[in-house]
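Reading through the structure tokens given below for one structure.
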Amino acid sequence: MIAIIDYGMGNLRSVQKGFERVGHEAVVTNNPQEILSADGVVLPGVGAFKDCMRNLENGRLIDTVYKVIENGKPFLGICLGLQLLFTESEEFGIHKGLDIVKGRVVKFSFNTPNSELQTPNFKVPHMGWNSIKKSGQWSVVSGQKNQFSSIYEGIPDNSFFYFVHSYYVIPEDDDVIASTTDYGVEFVSSIYKDNIFACQFHPEKSQEAGLKLLKNFGDFCKC
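Quick note: the sequence shown uses my numbering, first residue 32, plus one each step.
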């Protein structure tokens, strides 16, 4: 069973339905024991970074997330669920994240007076379909094969996924980069670290490629 963390923000039911469509049982829950006993855990997220961190704290779920990571349980972050893993975000000020992945979250800055990028074709938020380019080292971490090296199995390079975001992550360690995407700048669209895989795009909204990724994650949870 896959636990989808319910902290009052995010496209929880659509993620649940995505897993069910590919044959994996998923439950939406804010119960720490249910989360910790699951085969895999998903942290989705839509909204403001600060609000999501506050809701996780108010729901006493931050320690639960840390325990999931420490226990080596397969963990999937989606959209803001990716960003929350990082050290800090500059969304509406500087706000501390979970600091599980070292790095920061910054805003796309196109066509502003101080921006070097004057590209009228690129709007913020980045919304719609875009392709991902797998990192050349996406299956290797510190010389060892990452346990999520099969997360993109059956998904061709340059496959299209659905994005809705104004901010993107910049990890300190390039070795965590699983894929990048071009939107005026080349940004990190998915990462992996130990038992964590997290993506900026929405697999549950990404049709065939997205459902395949959810299936791969669910299959891995059953290993």
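Ideal Cβ placement from N, Cα and C applies to all residues, glycine included.
For the putative contact between Phe80 and Leu111, defined by C-beta atoms under 8 Å, what is the C-beta separation to the nearest angstrom? For the purposes of this step, residue 80 is identified with residue 49 of the sequence shown, where counting begins at 1. For the purposes of this step, residue 111 is identified with residue 80 of the sequence shown, where counting begins at 1. Right, their Cβ atoms sit about 7 Å apart.
Tell me whether the beta-carbon of Ile35 lies closer than 9 Å to the beta-carbon of Pro75. Within the sequence shown, numbered from 1, the residue matching residue 35 stands at position 4. Within the sequence shown, numbered from 1, the residue matching residue 75 stands at position 44. The answer is yes: Cβ separation under 9 Å.
Using the three-state DSSP reduction, which class does Pro262 fall into: helix, strand or coil? With the chain covering 32 to 254 only, the question about residue 262 has no answer from this structure.
Compare the C-alpha of Val77 against each of Val58, Asp37, Val53 and name the closest. For the purposes of this step, residue 77 is identified with residue 46 of the sequence shown, where counting begins at 1. Of the candidates Val58, Asp37, Val53, the one whose C-alpha sits nearest the C-alpha of Val77 is Asp37.
Considering only the beta carbon of each residue, do Ile227 and Phe106 sit closer than 9 Å? Counting from 1 along the sequence shown, the entry for residue 227 is found at position 196. Counting from 1 along the sequence shown, the entry for residue 106 is found at position 75. Contact flag set, yes.
Thinking C-alpha only, which one of Ile33, Tyr183, Ser68 is nearest Phe192? Here the question's residue 192 lines up with position 161 in the sequence shown. The residue with the shortest Cα to Cα distance from Phe192 is Tyr183.
Pairwise C-alpha distance: Ser140 and Ile163: Taking the sequence shown and counting its residues from 1, one reaches residue 163 at position 132. Taking the sequence shown and counting its residues from 1, one reaches residue 140 at position 109. Their backbone Cα atoms lie some 20 Å apart in a straight line.
Hey, would you say Tyr223 sits closer than 9 Å to Val200, going by beta carbons? As a working note, residue 223 is residue 192 in the sequence shown. As a working note, residue 200 is residue 169 in the sequence shown. No; because the gap between Cβ atoms is not below 9 Å, this pair is not in contact.
If I follow the unbroken beta strand (DSSP E) through Met158, where does it start and stop? Position 127 of the sequence shown, counting from 1, holds the residue named residue 158. Here the beta strand (DSSP E) through Met158 covers 157-162.
State the DSSP-derived secondary structure class of Cys110, mapped to helix, strand or coil. In the sequence shown, the residue the question calls residue 110 occupies position 79. In this structure, Cys110 counts as coil in the three-state DSSP scheme.
Between which two residues does the alpha helix (DSSP H) holding Asp82 run? As a working mapping, residue 82 is identified with position 51 in the sequence shown. Where Asp82 is concerned, the enclosing alpha helix (DSSP H) stretches over 80-89.
If you check the beta carbons only, do Gly103 and Phe248 fall under 9 Å apart? Here residue 103 is taken as the residue at index 72 of the sequence shown, counted from 1. Here residue 248 is taken as the residue at index 217 of the sequence shown, counted from 1. It is not a contact, given that the beta carbons lie outside the stated cut-off.
Look up Val46 in the DSSP assignment and give the residues it is bridged to. The residue you call residue 46 lines up with position 15 of the sequence shown. Per DSSP, none; premise fails for Val46.
Going straight from the alpha carbon of Pro202 to that of Met84, what length do you get? Taking the sequence shown and counting its residues from 1, the one referred to as residue 202 is at position 171. Taking the sequence shown and counting its residues from 1, the one referred to as residue 84 is at position 53. Each residue's Cα considered, the two are about 19 Å apart.
Does DSSP put Pro202 in a helix, a strand or coil? The residue labelled residue 202 in the question sits at position 171 within the sequence shown. DSSP places Pro202 in strand when its eight states are reduced to three.
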